[in-house]
Every structure is written in structure tokens, then in C-alpha cells.
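Asker: Per the working numbering, residue 5 is the first one in the sequence shown, and the count goes up by one each step. Encoded as C-alpha cells, here's the structure I'll be asking about.
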Amino acid sequence: MLKARIAVLVSGGGTNLQALIDAESSGVIHSGEIVLVISNNQNAYALTRAEKAGIRAQYISKKELKSQEAFENALIDALDQNKIDLIVLAGFMSILSERFTSRYDHRIINIHPSLIPSFCGQGYYGLKVHEAALKKGVKVTGATVHFVNEIPDGGEIIAQKAVEVLDGDTPAILQRRVMEQAEWIILPQAVEMISYEIISR
Ligand code: GRF
5 MLKARIAVLV SGGGTNLQAL IDAESSGVIH SGEIVLVISN NQNAYALTRA
55 EKAGIRAQYI SKKELKSQEA FENALIDALD QNKIDLIVLA GFMSILSERF
105 TSRYDHRIIN IHPSLIPSFC GQGYYGLKVH EAALKKGVKV TGATVHFVNE
155 IPDGGEIIAQ KAVEVLDGDT PAILQRRVME QAEWIILPQA VEMISYEIIS
205 R
């Protein structure tokens with residue numbers, strides 16, 4: 005059966021990438037196939053996870069390429085060469101320009117560790133999101149999968165899942181709970197849903 009060709013863009017540990025790899029092995033993702041992992045960080049453990057799973061892994065350095073435009077051109081080359089249908093940002097710590105996002109309209113999705121529109125947009129990444137949630141004192145937080153457009157965390161929402169905030173939570177504890185109870189569940193589900201839509205067109 006024809007499958008959507010998926011690229012996952014990463015910068016760090018890659019636990020969301022791992023959730024996607026595992027979901028493909030277990031059949032939760034069956035309409036798409038991860039064929040490429042790209043990191044903008046040479047030391048990202050996500051690259052090792054990709055290699056272990058037999059997925060082509062590529063490092064593209066923004067520093068060496070010097071400009072945002074050159075960096076994005078290198079991304080586009082890699083994506084086009086691999087005939088990518090769907091781009092998944094899974095802990096990818098680099099903002100993409102409108103030139104890039106409009107080229108892949110409704111073909112880029114991102115996982116954000118809060119219930120958008122809370123604690124999102126410029127400056128809200130990694131632990132900062134959970135620090136802000138704890139500072140505000142919300143009792144419920146969660147994760148959101150959304151399409152990516154030119155506005156950081158501003159694209160159409162695809163899936164959300166709520167997670168309880170508990171007394172004594174630190175940003176790191178809350179981050180882990182949000183990953184376990186929301187991110188690693190809704191990201192694979194959303195990837196399957198969008199892949200299915202792509203191959204059904
Ligand atoms: C996750 O919290 C994700 O929501 C955010 O960055 C983190 C990436 O973690 N966008 P990992 O690299 O998938 O472990």
C-alpha cells in the first residue's frame with residue numbers, strides 16, 4: 005500500500021521521534037513511513053535513535069550555512085530529494101520563515117507542550133513552557149499538535165490532550181508527565197491521521 009513519506013525534524017533527545025518510531029512498529033502509524041530524520045544539532049541523541057531504527061539521518065548546520073535562507077534551502081533540498089509528503093517538527097528548535105512554511109502548506113505539523121493558546125508563541129519552548137504554567141498556577145495543562153504556518157505556534161490545531169498539574173510539581177516533573185500522558189500519544193495519532201488524509205487525496 006502507498007504510504008505518506010514522512011520527515012521528522014529534531015534538535016534534541018528525540019523522545020517524540022522515538023514515540024513515532026515505536027508507533028510505526030506497532031502499527032498505530034500505518035498510513036505513513038518515516039524515511040528521513042534531520043537535525044540542526046550534530047549532537048542530538050535523536051540522530052542516534054534514527055540510525056538505530058534504520059532511518060536515514062542527516063545533520064544540517066545553520067552555523068556553517070550562515071544564513072536562514074541557506075539553511076532552509078538545504079532543508080528543502082533534503083526534503084525534495086526524499087520526496088517528503090509530511091514534515092513533523094518534534095522538538096525542532098529553529099523558527100522557520102514564511103517562505104519555507106508556505107511552500108509546505110498544511111504539510112508541516114508541530115508538537116507543543118501546552119494547551120494552545122496558553123503558554124505558546126515566541127520564547128515559549130522546552131522547560132520555559134512548564135515554568136510559565138506553574139508560575140500561573142494552572143491546574144490543567146497538556147499538549148497540542150498543530151499545523152505550522154508563519155506565526156510561531158499559530159497554525160490550525162489538530163489535536164490536544166489535557167494533563168493534570170499536581171502539588172509539588174517542578175518544571176521537569178511536569179514536562180515528563182505532559183510527554184508521557186499527552187505528547188507521545190497524540191503526536192503519533194495525529195501523524196497517522198494526516199498521513200491517511202494525504203494518501204487518500
Ligand atoms: C517536547 O516537549 C516537545 O513538545 C517540544 O520539545 C520537546 C522535545 O522533546 N516541542 P524530545 O526531543 O522529543 O524528547
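We put the CB at the ideal spot given by N, CA and C, even for glycine.
Quick one: is the Cβ of Asn20 within less than 6 Å of any heavy atom of the ligand GRF?
Answerer: Result yes, Cβ under 6 Å from the ligand GRF.
Asker: In the DSSP assignment, find the beta strand (DSSP E) that holds Val39 and state where it starts and stops.
Answerer: Per DSSP, Val39 belongs to the beta strand (DSSP E) from Gly36 to Ser43.
Asker: For the ligand GRF, is there any heavy atom lying closer than 6 Å to the beta carbon of Gly17?
Answerer: The answer is yes for Gly17.
Asker: Output yes if chain E places a C-beta closer than 7 Å to the C-beta of Phe75; else output no.
Answerer: Protein chains in the displayed structure number just one, and chain E is not present.
Asker: Straight-line CA distance for Phe75 to Arg107?
Answerer: Using only the alpha carbons, I get a separation of about 15 Å.
Asker: Under 6 Å: does the beta carbon of Glu55 sit that close to some heavy atom of the ligand GDP?
Answerer: As far as ligands go, the structure on display features the ligand GRF and does not contain the ligand GDP.
Asker: Quick one: does the C-beta of Glu28 sit closer than 6 Å to a heavy atom of the ligand GRF?
Answerer: Because no heavy atom of the ligand GRF lies under 6 Å away, the Cβ of Glu28 does not count as near it: no.
Asker: Rank Gln46, Val152 and Arg103 by C-alpha distance to the C-alpha of Ala61 and give the top, closest one.
Answerer: If we check each option's Cα against that of Ala61, Gln46 comes out closest.
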